[in-house]
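J.: Below you will find the structure I want to go over with you.
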Amino acid sequence: MSRRILITGIDTFWGSMTARSLENDPSIDTIIGLGTSDPKVELERTECLRADHNYSIVSRIIKATKVDTVMHTFMATETSSFPSKMLNENNVIGTMNLLAAVGGSRSVKKLIVKSSSLVYGSSSQDPTFFTEQTRRPSPAKLKIEKSIIEAESYVKDFAQDNPHISVSLLRFCNVIGDNITTTITKNLRKRVLPYLFGFDPSIQFVYEDDVVAALVFAANNSLEGIFNVAGDERIPWSEVASIAGARLIPLFAYATNIVSAPLISTGFVKVTPELYDLMKFGRGVTNSKLKEVGFTYSYTTPSALAKFCELNQLRKNLGSAKPEYKYHKDVETFFKHSPAVVKETVKTD
Amino acid sequence: MEKTSKPTVRKSTETKIVQLVEKSNSNSSNSIRTSDVDRWGRSESTREITRKIFDPIYSKYFRAEWDGLEKIPAKGGALLVSNHAGAIPPDAPVIMHGIEKELNRPVYGLADFWFRTLPVGGTLWNRAGGVTAHPSNAYGILHEDQQLALVFPEGVKGPSKLYKDRYQLRRFGRGGFVEIAMRSGVPIIPLAVVGAEEAMPILTRISSLSKLLNVPYFPITLNQVLLTPFLGPILGTLAYLPAKFKIRVLEPVYFDVPPDQPRYSKTRILDESENIRTRIQDAIFDMLAHRKNPWFG
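Chains as they are written, first to last, in numbering that gives the first Met the number 0: chain A, 0 to 348; chain B, 0 to 296.
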């Protein structure tokens, strides 16, 4: 049976890397990518479309393309690359529009939502490992946390109201990798890591390849419910710096953004609001539920970090920056649709 | 049903670089780790330093003496339950040190999350084996890791009580420790400790200061009154009086219920909790009846 997938958030690392991975699967007939800007990587057969900031166009696309799987990867889980004003528009309104569109179609059988372990928060009252069912002990204060929690609540309601659609909600912990840019990778690439003086909490990473593999796994298997995605083990913040060979830059633990303003505003260290609590109390989630349904992680927390450092070091020594991919609409359209391009037939063995 | 298709990345300049350094085994995280901090935050090397510093206090100053240490299993999880006393309770380090020294196996001390909010001290507490007393943490230590965990069911009410109430056990919470032992399928080993009350007796508490400083209680101790003139205010607050420590290990309590149940009978939990509390209380009275004085036992 041929499958048709719509990936929303094709302009994010998550969406574009997943699309690229799915392109290799011959059983997937059509991949449509929807994003607010151009895709980040070169895509061979994904049809890319532009959407407005709250994805109001999505219902027309689903109706027209009759996709059976919808992947929601545009949830912002980091404020560093995202203006905070747009958080609500993107995460909450965007999710709402997407769910309305999926609910209104008769073709969609599966919905995969990318979320973040930010929903558990980070406080002194936390357990060392959150399971998918653990309720967060501290109330959400951050804009980004609130927006993701609200979006998740819409998804949960949607799953209840539409039992004929299989809904998987994947909560990713801090992602690290060669292609993804997060506040932590920005710091580590500069060989620095801010920390709050007197605190050394343990944190958890998941490698970007495992992120993509988990999304693909969700698309290929029926995973209903909530799943944490995180590498095994937790490592102390200070050890992150020592493995990465980064210098620890102390910040004052109270009123940090005022007291340590010179370090932060000059860009010497990068700190985002969601990092303050993490630097104080850390966060850990259990990953056993996803393992039990058959997923295998390629990296643990320390090996994910080591891999990131290795590739970073290699780039540095080669002296070449990461090749930036520039999307050229006319060229891409030519490759995809021009009769002049000789297409290789996809093997279906 | 189709099995996972691993993301096969296409060959581009970028991925060639990736392939260059692709290691056959990327999962050997042991060689990557630069510290020995475990998943609960405990570090054996930090513990070793702590033990070196604390051992003279344990054996020379408090002259800790155990009775029935053989009742603590050498293998497998067990929940140690003890009475709790002294303004800055010395019973936790004494018990943890004693077991690690005598039985050579780690003990995780479950305590209030308040410790985690302390800069520096909170980190040291965690590295030395302190873990937030959350049911899922206790389950992980006892059931998954099959280790020893120490818990004080009286909570803050134990060490914050005044000297005139010494050795009068407070309420044992809501019996959560019994439920966690049942769920983890491990025995409870009750401990009765004598000496902690006299090591730092509380004369009075100032509740307005505890609110102001965001601490669970603000005690005025005998130590402060006696020692501040000689040691100054900081050491005078932190130094213990040389009370003689005696720890008695009581018969372990095994529960004939299956582990991993979502719920256990509340009646049973409260009965068991009260039963353990009574046994510890009786043991303490017995030990006190045979004690000549607090300093020489």
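Ideal placement from N, C-alpha and C gives every residue a C-beta, glycine not left out.
I need the boundaries of the alpha helix (DSSP H) containing proline 134 of chain B, first residue and last residue.
T.: As a working note, residue 134 of chain B is residue 135 in the second sequence. First-last of the alpha helix (DSSP H) with proline 134 of chain B: 134-138.
J.: Applying the 10 Å Cβ sphere with the 16-neighbour rule, what's the burial state of isoleucine 30 of chain A?
T.: Counting from one through the first sequence, the residue named residue 30 of chain A turns up at place 31. Buried, since its Cβ has 16 or more Cβ neighbours within 10 Å.
J.: Which of the three DSSP states is assigned to glycine 9 of chain A in this structure?
T.: Translated into the one-based positions of the first sequence, residue 9 of chain A becomes position 10. With the sequence shown as reference, residue 9 of chain A is identified as isoleucine, and glycine is not the correct amino acid for it. Isoleucine 9 of chain A: coil per DSSP, three-state reduction.
J.: What residues of chain A sit near isoleucine 233 of chain B, judged by a beta carbon separation below 7 Å?
T.: Position 234 of the second sequence, counting from 1, holds the residue named residue 233 of chain B. By Cβ distance, chain A contributes nothing, its closest Cβ being about 18 Å from isoleucine 233 of chain B, past 7 Å.
J.: Distance cutoff 7 Å, beta carbons only. Does phenylalanine 53 of chain B sit that close to anything in chain A?
T.: Taking the first residue of the second sequence as position 1, residue 53 of chain B is located at position 54. No, phenylalanine 53 of chain B lies away from the interface with chain A (no Cβ there is under 7 Å from its Cβ).
J.: Three or more beta-carbon pairs under 8 Å between the region 207-226 of chain A and the region 308-320 of chain A, yes or no?
T.: No, the region 207-226 of chain A is not in contact with the region 308-320 of chain A.
J.: Three or more C-beta pairs closer than 8 Å, one from the region 123-130 of chain B and one from the region 33-51 of chain B: is that the case here?
T.: Short answer: they touch.
J.: Is isoleucine 257 of chain A close to chain B, meaning its C-beta is less than 7 Å from at least one C-beta of that chain?
T.: Numbered from its first residue, the first sequence carries residue 257 of chain A at position 258. It does not: the Cβ of isoleucine 257 of chain A has no partner Cβ on chain B nearer than 7 Å.
J.: By Cβ distance, which residues of its chain are closer than 6 Å to lysine 156 of chain B, with the 5 residues on each side in sequence left out?
T.: Start at 1 with the first residue of the second sequence, and residue 156 of chain B comes out as number 157. Taken in chain order, the residues that qualify are Arg169.
J.: Can you give the Cα-Cα distance for lysine 5 of chain B and tyrosine 298 of chain A, rounded to whole angstroms?
T.: Taking the second sequence and counting its residues from 1, the one referred to as residue 5 of chain B is at position 6. Taking the first sequence and counting its residues from 1, the one referred to as residue 298 of chain A is at position 299. At lysine 5 of chain B, the pLDDT of 44 sits below 50, so the modelled position is not reliable; the number obtained from the coordinates is stated separately. Their backbone Cα atoms lie some 13 Å apart in a straight line.
J.: Listed in chain order, which residues of the region 229-254 of chain A have Cβ atoms closer than 8 Å to some Cβ of chain B?
T.: Answer in chain order: Asp231, Glu232, Arg233, Ile234, Pro235, Ser237, Glu238, Ser241, Ile242 and Ala252.
J.: Could you say which of A/Ile111, A/Val118 and A/Leu277 lies nearest to alanine 213 of chain A if we only look at CA atoms?
T.: Locating residue 213 of chain A in the first sequence gives position 214, counting from the first residue. If we check each option's Cα against that of alanine 213 of chain A, A/Ile111 comes out closest.
J.: Looking at alanine 100 of chain A and asparagine 89 of chain A, is the spacing between their C-beta atoms short of 7 Å?
T.: Residue mapping note: residue 89 of chain A aligns to position 90 of the first sequence, counting from 1. Residue mapping note: residue 100 of chain A aligns to position 101 of the first sequence, counting from 1. No.
J.: Please list the segments of the beta strand (DSSP E) lying wholly inside the region 114-176 of chain B, counting only runs of 3 or more residues, in order along the chain.
T.: You should have 129-131 and 147-150.
J.: Among A/Thr295, A/Leu247 and A/Pro162, which has the Cα closest to the Cα of alanine 217 of chain A?
T.: Working through the first sequence from its first residue, we reach residue 217 of chain A at position 218. Looking at the Cα atoms, A/Thr295 is the closest of the given residues.
J.: Can you list, in chain order, the residues of its chain whose CB lies under 6 Å from that of leucine 277 of chain A, leaving out five sequence neighbours each side?
T.: Within the first sequence, the letter at position 278 stands for residue 277 of chain A. If we look at leucine 277 of chain A and ignore the five residues flanking it on each side, its Cβ neighbours are Ser121.
J.: Kindly indicate if chain A contains any beta-carbon less than 7 Å away from that of threonine 49 of chain B.
T.: If you number the second sequence from 1, residue 49 of chain B lands on position 50. No, threonine 49 of chain B lies away from the interface with chain A (no Cβ there is under 7 Å from its Cβ).
J.: Which of the residues in the region 119-131 of chain A, read from start to end, lie with their CB under 9 Å from any CB of chain B?
T.: Listed in sequence order: Ser122, Ser123, Gln124, Asp125, Pro126, Thr127, Phe128, Phe129 and Thr130.
J.: To the nearest angstrom, report how far apart threonine 184 of chain A and lysine 210 of chain B are at their CA atoms.
T.: Position 185 of the first sequence, counting from 1, holds the residue named residue 184 of chain A. Position 211 of the second sequence, counting from 1, holds the residue named residue 210 of chain B. When rounded, the distance between both Cα atoms is 40 Å.
J.: Roughly how many angstroms lie between the CA atoms of phenylalanine 301 of chain B and serine 123 of chain A, to the nearest whole one?
T.: Within the shown structure, residues of chain B are numbered from 0 to 296, placing residue 301 of chain B beyond reach of any answer.
J.: May I ask which residues mark the beginning and end of the beta strand (DSSP E) holding tryptophan 65 of chain B?
T.: Sequence index remark: in the second sequence, residue 65 of chain B carries index 66 (1-based). Here the beta strand (DSSP E) through tryptophan 65 of chain B covers 64-66.
J.: To be precise: take each residue of the region 292-305 of chain A, compare its Cβ to all Cβ atoms of chain B, and keep it if any distance is under 8 Å. Which residues remain?
T.: If the cut-off is 8 Å between Cβ atoms, the region 292-305 of chain A has Gly293, Phe294, Thr295, Ser297, Tyr298, Thr299, Thr300, Pro301, Ser302, Leu304 and Ala305 near chain B.
J.: Can you check DSSP and say which residues form a bridge with lysine 245 of chain B?
T.: Counting from one through the second sequence, the residue named residue 245 of chain B turns up at place 246. BP columns for lysine 245 of chain B point to B/Glu64 and B/Val193.
J.: Say whether the region 250-258 of chain B touches the region 228-241 of chain B, bearing in mind that this needs 3 or more beta-carbon pairs closer than 8 Å, one atom from each stretch.
T.: Not touching, per the Cβ criterion.
J.: Using beta carbons (cut-off 7 Å, strictly below), is asparagine 136 of chain B in contact with chain A?
T.: For the purposes of this step, residue 136 of chain B is taken as residue 137 along the second sequence, with counting starting at 1. Asparagine 136 of chain B counts as touching chain A.
J.: What are the boundary residues of the alpha helix (DSSP H) that includes valine 210 of chain A?
T.: Taking the first sequence and counting its residues from 1, the one referred to as residue 210 of chain A is at position 211. First-last of the alpha helix (DSSP H) with valine 210 of chain A: 207-219.
J.: If we ignore side chains and look at the alpha-carbon of each, how far apart do phenylalanine 129 of chain A and proline 293 of chain B end up?
T.: Against the first sequence, residue 129 of chain A aligns to sequence position 130. Against the second sequence, residue 293 of chain B aligns to sequence position 294. Distance between the alpha carbons of phenylalanine 129 of chain A and proline 293 of chain B: 45 Å.
J.: Can you give the Cα-Cα distance for arginine 44 of chain A and tyrosine 153 of chain A, rounded to whole angstroms?
T.: By one-based count along the first sequence, residue 44 of chain A stands at place 45. By one-based count along the first sequence, residue 153 of chain A stands at place 154. Cα to Cα, the separation comes out at about 32 Å.
J.: Can you tell which of A/Leu5, A/Leu33, A/Ile9 and A/Trp13 has its C-alpha closest to the C-alpha of isoleucine 27 of chain A?
T.: The sequence position of residue 27 of chain A within the first sequence is 28, counting from 1. Answer by Cα proximity: A/Leu5.
J.: Does the beta-carbon distance from methionine 95 of chain B to glycine 85 of chain B come in below 7 Å?
T.: In the second sequence, counting from the first residue as 1, residue 95 of chain B sits at position 96. In the second sequence, counting from the first residue as 1, residue 85 of chain B sits at position 86. Their beta carbons are not under 7 Å apart, which means methionine 95 of chain B does not touch glycine 85 of chain B by this criterion.
J.: Give me the chain B residues within the contact set of glycine 197 of chain A, using Cβ-Cβ distance strictly less than 9 Å, ordered along the chain.
T.: Residue mapping note: residue 197 of chain A aligns to position 198 of the first sequence, counting from 1. The contacting residues are Leu117, Pro118, Val119, Gly120, Gly121 and Thr122.
J.: At 7 Å on the CB atoms, spell out the chain A contacts of isoleucine 31 of chain B, in chain order.
T.: Taking the first residue of the second sequence as 1, we reach residue 31 of chain B at position 32. Here the neighbours are Ile242, Pro301, Ser302 and Ala305.
J.: Quick one: which chain B residues come within Cβ less than 8 Å of threonine 133 of chain A?
T.: Here residue 133 of chain A corresponds to residue number 134 of the first sequence, with the count starting at 1. Under the 8 Å cutoff, chain B gives Ser135.
J.: When DSSP labels each residue in this structure, what does isoleucine 279 of chain B get in the three-state scheme?
T.: Taking the first residue of the second sequence as position 1, residue 279 of chain B is located at position 280. Note: isoleucine 279 of chain B maps to helix in three-state DSSP.
J.: Looking at C-alpha atoms only, which residue of A/Val210, A/Leu304, A/Pro338 and A/Glu238 is the closest neighbour of serine 115 of chain A?
T.: Against the first sequence, residue 115 of chain A aligns to sequence position 116. Of A/Val210, A/Leu304, A/Pro338 and A/Glu238, the residue nearest in Cα terms is A/Val210.
J.: Would you verify that the beta carbon of valine 36 of chain B is, or is not, closer than 7 Å to some beta carbon of chain A?
T.: Start at 1 with the first residue of the second sequence, and residue 36 of chain B comes out as number 37. Yes - at least one Cβ of chain A is within 7 Å of the one on valine 36 of chain B.
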